[in-house]
Amino acid sequence: MKLNMNDLIIKKRDGGKLTKEEIRAFVSGYTQGEIPDYQASALLMAIFFRHMDDEETLALTEAMKNSGDTVDLSTIKGIKVDKHSTGGVGDKLTLIVGPLAASCGVPIAKMSGRGLGFTGGTVDKLESIPGFNTTLEPEDFYRQVNEIGIALIGQSGHIAPADKKIYALRDVTGTVENLSLIASSIMSKKLAAGSDAILLDVKCGEGAFMETEEDAAALAEIMCRIGTGAGKRTVAMVTDMNQPLGYAVGNALEVIEAIETLKGRGPADIENLSLTLAGMMIYLGGKAGTPGEGRMIAEHALRSGVALAKLRTLIARQGGNPDVIDDYDLFGTAKKAVEVRSEYTGYVQLIEAREIGRASQSTGAGRAEKDDPIDFNAGILLARKVGDRVRKGDLLATCYSADAAKAKAAAKAVDDAILIGKEKPAEQVLIKRTIGA
Ligand code: URA
6 MKLNMNDLII
16 KKRDGGKLTK
26 EEIRAFVSGY
36 TQGEIPDYQA
46 SALLMAIFFR
56 HMDDEETLAL
66 TEAMKNSGDT
76 VDLSTIKGIK
86 VDKHSTGGVG
96 DKLTLIVGPL
106 AASCGVPIAK
116 MSGRGLGFTG
126 GTVDKLESIP
136 GFNTTLEPED
146 FYRQVNEIGI
156 ALIGQSGHIA
166 PADKKIYALR
176 DVTGTVENLS
186 LIASSIMSKK
196 LAAGSDAILL
206 DVKCGEGAFM
216 ETEEDAAALA
226 EIMCRIGTGA
236 GKRTVAMVTD
246 MNQPLGYAVG
256 NALEVIEAIE
266 TLKGRGPADI
276 ENLSLTLAGM
286 MIYLGGKAGT
296 PGEGRMIAEH
306 ALRSGVALAK
316 LRTLIARQGG
326 NPDVIDDYDL
336 FGTAKKAVEV
346 RSEYTGYVQL
356 IEAREIGRAS
366 QSTGAGRAEK
376 DDPIDFNAGI
386 LLARKVGDRV
396 RKGDLLATCY
406 SADAAKAKAA
416 AKAVDDAILI
426 GKEKPAEQVL
436 IKRTIGA
């Protein structure tokens with residue numbers, strides 16, 4: 006259709022509803038460079054203030070999904086279940102729930118992203134395992150899932166290119182924080198990735214995109230409606246991101262914590278969330294009658310060591326050195342370590358996740374620019390969680406980097422991000438709600 010962008014902007018500015026055809030024409034025109042940034046920005050701002058309803062949001066999702074490759078997983082046997090986190094600090098859950106669900110018979114054919122800003126990415130974590138290859142040809146990807154039940158790779162550049170372009174424009178025009186725009190951005194990529202069912206881990210809190218539980222729940226609801234509208238079973242869990250997950254933030258540090266969790270020695274919050282998410286994936290994959298039964302099956306896979314064995318097989322199959330599971334020295338070590346010790350006696354009130362994520366990024370564990378190299382051994386290892394009792398002089402965290410000045414600066418930032426007070430704070434609820442089960 007021939008699109009008059011000026012009319013379209015005015016229609017949305019005045020609160021009108023865009024048709025499917027108009028949305029499609031906008032997405033394809035903008036992706037192909039036929040619509041200038043200034044008109045696309047004006048339309049995004051009109052959407053930001055006037056919102057889109059479910060039909061418009063679904064149409065935008067479909068149009069962005071269809072702007073690039075869609076993955077066909079039909080040659081993989083079974084119900085393929087994908088999992089997506091909206092982004093957090095210390096979130097190494099894919100490395101745990103992937104092997105857990107796969108060891109219980111759910112095929113995992115997952116494409117993941119790299120770190121973004123203060124949040125980490127699964128692909129960077131996997132690449133901290135010596136030799137691990139995150140790029141597989143499609144046929145090898147499908148064959149691997151059929152043979153060992155799991156493959157974890159990086160997202161191809163050709164998944165939803167329209168989202169890539171529109172997201173970059175939103176990032177610089179003050180139009181990121183709109184539920185329809187966020188939901189369609191995430192779901193266009195998830196639907197293109199081809200799984201049969203989707204589990205969304207929607208983070209909320211100080212270290213997440215959505216700070217309040219209500220906003221996170223609203224985002225979760227929209228994404229579930231989009232997924233279901235596209236014919237995929239979709240469930241979302243709203244989970245806490247007010248403090249980092251577990252203790253480790255930084256690539257190799259997080260892989261080690263994930264391995265420890267699969268050995269049954271992980272932090273309580275990580276183990277609890279992993280079992281719940283894996284249980285839901287086992288249920289969505291048709292291997293359990295209820296999510297609760299799925300959790301019990303996942304717990305058995307954890308305790309019996311079969312999930313750890315699955316991780317070992319995965320690492321070896323994708324070219325990594327599986328001996329890292331028994332010998333963490335094979336990851337290498339950061340050259341400098343600077344400790345943060347408590348100046349007070351009391352209880353840990355707050356560990357600001359966003360600031361810990363930024364501090365970790367500044368040690369070299371994350372990138373400042375898109376193509377910056379990563380220091381896989383850099384990062385932050387917390388020694389305490391919110392609610393823990395500490396005495397003056399106790400260790401709060403250790404900051405690792407190849408660069409002494411960076412480790413020292415990160416230690417200062419981590420010190421500022423941990424608040425100690427006299428009263429024991431209220432217990433934190435990790436899993437706040439489940440939507441769409
Ligand atoms: N993540 C995405 O992929 N898109 C958004 O709009 C926000 C977070």
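Here the sequence shown is numbered in the working numbering, starting from 6 and rising by one per residue.
Cβ coordinates follow ideal geometry from the N, Cα and C atoms, glycine included.
All figures in this text were calculated on a predicted structure; none of them were measured in a lab.
- By the Cβ-count criterion, Y35 is buried, with 16 or more other Cβ atoms from all chains shown falling within 10 Å of its own Cβ.
- Setting aside the 5 residues that flank it on each side, L121 is surrounded in the same chain by G92, each with a C-beta closer than 7 Å to its C-beta; the list follows chain order.
- Selection Q160, A370 and K7 evaluated against A407 yields A370 as nearest (Cα-Cα).
- Closest in C-alpha terms to I440, from the list S347, Y349, E39 and D206, comes D206.
- Distance from the CA atom of I231 to the CA atom of R363, rounded to whole angstroms, is 32 Å.
- Taking non-hydrogen atoms of the ligand URA into account, the C-beta of S161 is found less than 7 Å away from none of them.
- If you draw a straight line from the Cα of D399 to the Cα of P249, it is about 19 Å long.
- Listed by position along the chain, the residues with Cβ atoms less than 5 Å from a non-hydrogen atom of the ligand URA are I187, S190 and I191.
- About 12 Å separates the Cβ atoms of A273 and E262, ruling out a contact at the 8 Å cut-off.
- Per the C-alpha coordinates, the member of L316, A221 and D331 positioned closest to I113 is L316.
- Distance from the CA of K427 to the CA of T180, rounded to the nearest whole angstrom, comes to 41 Å.
- Under the 8 Å Cβ criterion, the segment 401–417 does not count as touching the segment 275–290, having fewer than three qualifying pairs.
- For T62, the three-state secondary structure derived from DSSP is helix.
- Straight-line measurement puts the Cα of F137 at about 14 Å from the Cα of F146.
- Ranked by how close their Cα comes to the Cα of A202, the residues E132, G159 and K85 have K85 in first place.
- Between the alpha carbons of V329 and I134 lies a distance of about 7 Å.
- Between the alpha carbons of L424 and A156 lies a gap of roughly 40 Å.
- Look at I320 here: in three-state DSSP terms it is helix.
- DSSP, reduced to helix, strand and coil, places A156 within a strand of the structure shown.
- Boundaries around S406 are those of the beta strand (DSSP E), L400 to S406, since no alpha helix (DSSP H) includes it.
- Just measuring C-alpha positions, the residue of S46, G212 and R119 sitting nearest D376 is R119.
- Pairwise C-beta distances place the segment 72–90 out of contact with the segment 41–48, as fewer than three of them are shorter than 8 Å.
- Shortest Cα-Cα distance from P430 to any of K390, Q366, E304 and F31 involves K390.
- One alpha carbon belongs to H56, the other to M192, and they sit about 17 Å apart.
- Distance from T75 to G199 at the Cβ level is roughly 7 Å; contact confirmed, criterion being Cβ atoms closer than 8 Å.
- With a beta-carbon spacing of about 12 Å, L267 and E304 fall beyond the 8 Å limit used to define contacts.
- Residues of the same chain with a CB within less than 7 Å of the CB of Y172, apart from the 5 flanking positions on each side, are S190 in chain order.
- Excluding sequence positions up to five before and after G271, its CB lies within less than 6 Å of the CB of E265, all in the same chain and listed in chain order.
- Just measuring C-alpha positions, the residue of E211, F53 and Y405 sitting nearest G255 is Y405.
- Counting only residues of its own chain and dropping the five nearest sequence neighbours on each side, G73 has a CB closer than 6 Å to the CB of H163, I164, A165 and P166.
- The beta carbon of A257 is closer than 6 Å to those of S133, F336, F381 and N382 in its chain, skipping five residues each way along the sequence.
- The three-state reading of DSSP puts D206 in strand, counting E and B together.
- In the structure shown, V395 falls within a strand segment according to DSSP collapsed to helix, strand and coil.
- The beta carbon of I158 lies closer than 7 Å to those of M116, T139, T140, L141 and F146 in the same chain, with the five residues before and after it left out.
- Within the same chain, Cβ atoms closer than 6 Å to the Cβ of A197 are found at K70, T75, I164 and A165, the five residues on either side in sequence being excluded.
- Only residues of its own chain outside the window of five on either side were considered, and among them L63 have a CB closer than 7 Å to the CB of G234, listed in chain order.
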